[in-house]
Structure formats: structure tokens, C-alpha cells
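Each residue of the sequence shown is one higher than the one before, counting from 990 in our numbering. As C-alpha cells, the structure follows; a few thoughts come after it.
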Amino acid sequence: MSDNEQGKCITIERLLELAQEDELLHLRLVSSTETLKKEISSYAINRPGLALAGDYDYFDYERIQI
């Protein structure tokens, strides 16, 4: 069962709100406000190492980009 099926998802807008309230993460929006309604449904992240080296063979678009 995926995280989304378990109901564990959060919008980008809510994540930014929580980060500002707790002052734990210093996050800022770098894209359009249209993205604020998108949901994060997986805790897995894409690490930029391979992409920075020019390797885009495997790039999971469902993961958070750091």
C-alpha cells in the first residue's frame, strides 16, 4: 500500500506553512503559486548527484527534488 493510499499526503502549501510556523526548515517558493496545491505523497527524494553529472536515465517524477 502506498503512502497516498494510507492518507499520508500534504500539499506544498501546507508544508511551507508548517515550516514557517516551526522555523525548522528555511524553505521558500521558487516556482509559480500554481504548484502550491500539488500534493506530496511520497517521502522518497531524488538526490541531484546523477542529474548534475548529466545522467537522466532514471528520474522518478513522483519524488521530491532537493
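We put the CB at the ideal spot given by N, CA and C, even for glycine.
Closest by C-alpha distance to residue 1019, out of 1005, 1039, 1011 and 1028, is 1005. Spatial neighbours of residue 1026 in its own chain (CB-CB distance under 7 Å, excluding positions within 5 residues in sequence) are listed in chain order as 1000 and 1002. In the three-state reduction of the DSSP assignment, residue 1012 falls in the coil class, being assigned neither a helical nor a strand state.
Non-local C-beta neighbours of residue 1024 in its own chain, meaning closer than 8 Å and more than five positions away in sequence, comprise 1001 and 1018, ordered along the chain. Within the DSSP bridge table, the entry for residue 1001 names no partner.
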